[in-house]
Every structure is written in C-alpha cells, then in structure tokens.
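A.B. asks:
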Amino acid sequence: MAEANASPVQPNHKGHLCLTFDFDGPSLWIMRKMTTATPVSRGEFGAVAVPRILALLARRDIPSTFFIPGHTIESYPDVCRMVVDHGCEVGIHGYAHELNGLQSVDEERAAMTRSVELVTSLTGSEPIGYRAPAGDLTNQTIELLEELGLTYDSSLMGHDYRPYRVRAGDELPNDGPARWGRETSLIELPWSWTNDDYPYLEFVAFRRMIMPGLARPDDMFDNFLGDVEWMTREVEAGVLTLVFHPQVIGRGHRLLALERFLDSAAELGVVCSSMADIAIAVGAGAEFGIERLGTLGD
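Those letters in the sequence shown? Residues 190 to 487, by this note's numbering.
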C-alpha cells in the first residue's frame, strides 16, 4: 500500500486526540437486515450530517479520519468527495458493513478488495487504515490486512492511550493459558465502546432487545473529557481515539456539545491528529502513550 502524503506528527507532551467518523450511511441497517423505509432514512441522515461536521472541523482547522464503507462511497459520491476535498483521511470500513466473523475468507477478501479500490478511486491514493465494522476483527481479517499491505488498524481495545502492534494467530484454550500469536507489522490505534457515541446516544429497537441510547451528549462528553484529563496528567504523548457516527452526532444539540468538548480539550493542551499521521509516526519510531508509573496521587 502507498503511504499517506501527510507528514508524521511529532509526539505532543499533553497528548493527541484522533477524531474519527464512521460514515456508515444505510449500510449499517442493511447489515442488520432492517431495510424498510424508516431505518434506511436513519442512515440517510448521515449524508445530511457530514457537511455540518466538515464545517465544524474546518472552522477549527482540525484534521480527522473518516472510515467509509464502499456502499456509502457508491451511494453518496458527492458527500464522500466533500470529505476528501476538506482534507480528511479516508480509511476502509467493509463494503456494506459486513460482520467479518460471519464471512468466509473469499467473501471477506472480495469485500475488502472492493472497498480498497473504491477508496483509492475516491481519494487518488491507496488507504492505509482500517476499522472493522462493529469492531469485529478476526484472525482471518488480520491476515487479509497484512496481505493487502495496510499500515494500521483501529478495531481492538488492548490499550487506551498507547498504539501497539497487532498479533496474529492467538490461541485461547479453555484448559490452559493463552498462547499469544506472532507480532505483525500492523499498527493498532485502539478504540473502546466507552469512547464511541453510538451506545450513548442511539436508540435502536431490535426484535429481542432495546438499546436505549438518547443520553445527554454533555454526559457522554464529560466521560470523554475525563479520559482526556487522565491522559494529560498520567501519560506522556498519549493517543485517545474517539469514534463518532455522522447519523448519530450530527444533530444540532450534539454538535454544540461536541464544540464545547473540543474547547475544553484544547484548554488541556491536547492536539488533534489524523490516524494516518499517528500510524506513520509510530512506524518511524516515535513513542506515544508512555505512562508515568508510580506518580498517581503525586
């Protein structure tokens, strides 16, 4: 894969925020087999929200990363072009938000290859980053990412502030200790559901359960800001990944809360960076996320 054109960032003492946006569009609802008019319209709202988000980022000169399924690129080419024209990085996110654990290797390779081709056509350069739909990364997926030459992944939760190398081939028997697999060249920029807008804010009624969502966005951002504050106090040059979905965060009161959060984070001295810039810097030997062990309470 060709590397992104952006120059690697220098580690910032107070830390980095990576603002990422999963522009799923209707593909999320297609994956759930919820394709009547109402759920599809919820995905459509993402295309309404993206220009609002881009305007907010542009006013503040904030770099960001969008993970866009191939289905969204084909369905909303003009909106996706706006993402590129605003200078945002674009990573791959499946074709139609397929769950990797339910795919054969041939199915997954076909979806991933098609997605790479669509992102390359959109941006003019090959993508270097990947986020698994629903964070569903498997050993099979890891091997395919290696095969395609991706630089980084953002699907795992093994740390909160420190990039690390992805392993392949872990074995977890139920009658003995874990047998860890080999370390790959793939850089992990970890995320967590606790730093994702979807479980906080989105209401979904499934057949057998309800995801209540609809929390106050200020409550969500208070949690986010707590993670930023701890990072600035206890970690040297940490990296915190925040995951947003345009169809979720793009409502007016939520965008206002996002602005307030960004003001508070900036006051703490953190800077915003694209995932590509962080990953390239890690690959070049820069160190991020060094905990000041033994200083708690000092």
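We put the CB at the ideal spot given by N, CA and C, even for glycine.
1. Given 8 Å as the limit, is there contact between the region 232-252 and the region 471-479, that is, 3 or more CB pairs closer than that?
2. For D385 versus V459, is the C-beta spacing smaller than 8 Å?
3. To which residues of the same chain is G283 closer than 7 Å at the C-beta, ignoring the five residues directly before and after it?
4. Suppose you measure from the CA of E377 to the CA of V428; what does that come to, to the nearest Å?
5. For M420, which residues of its own chain have a beta-carbon under 7 Å away from its beta-carbon, when the five flanking residues on both sides are left out?
6. Between A357 and Q292, what straight-line distance do the alpha-carbon atoms span, to the nearest angstrom?
7. Tell me which residue opens and which closes the beta strand (DSSP E) that L429 is part of.
8. Please name the residue in L288, F256, N363 whose C-alpha comes closest to that of Q329.
9. Using the Cα positions of L208 and E456, report the straight-line distance between them to the nearest angstrom.
10. Go ahead and label A244 buried or exposed: buried means 16 or more other beta carbons lie within 10 angstroms of its beta carbon, across all protein chains shown.
11. Name the DSSP bridge partner or partners of I376?
12. Please state the DSSP three-state secondary structure of M224.
13. In the structure shown, what three-state DSSP assignment does C207 receive?
14. Output the distance between the C-alpha atoms of A236 and A367, rounded to the nearest integer angstrom.
15. What does the alpha-carbon distance come out to for the pair P316 and R481?
16. Identify whether T309 lies in helix, strand or coil by the three-state DSSP scheme.
17. On the DSSP bridge assignment, give the partners of D466 in chain order.
18. Going by DSSP, what residue range makes up the beta strand (DSSP E) through V279?
19. Only counting the same chain, and skipping five residues up and downstream in sequence, which positions put a Cβ closer than 6 Å to that of V198?
20. How big is the Cα-Cα spacing for M190 and C277?
21. Quick check: P435 and F212, are their CB atoms within less than 8 Å of each other?
22. DSSP puts F255 in a beta bridge; with which residues?
23. Assuming T373 contacts E335 under a Cβ cut-off of 8 Å, what Cβ separation, rounded to an integer in Å, is found between them?
24. For M301, name the three-state secondary structure that DSSP assigns.
25. Could you tell me the boundaries of the alpha helix (DSSP H) in which N412 lies?
C.D. replies: Taking the geometry as given:
1. no
2. no
3. P258, A300, S304, P322
4. 11 Å
5. G204, Y350, G427, L429
6. 18 Å
7. 428-433
8. L288
9. 17 Å
10. exposed
11. Y341, R354
12. Note that residue 224 corresponds to Thr in the displayed sequence, not to Met. Coil.
13. strand
14. 44 Å
15. 34 Å
16. helix
17. None; D466 has no bridge partner.
18. 278-281
19. S462, D466, A470
20. Because the pLDDT at M190 is just 43, under 50, the model does not fix this residue reliably, and the point stays unresolved.
21. yes
22. F210, V279
23. 6 Å
24. helix
25. 406-423
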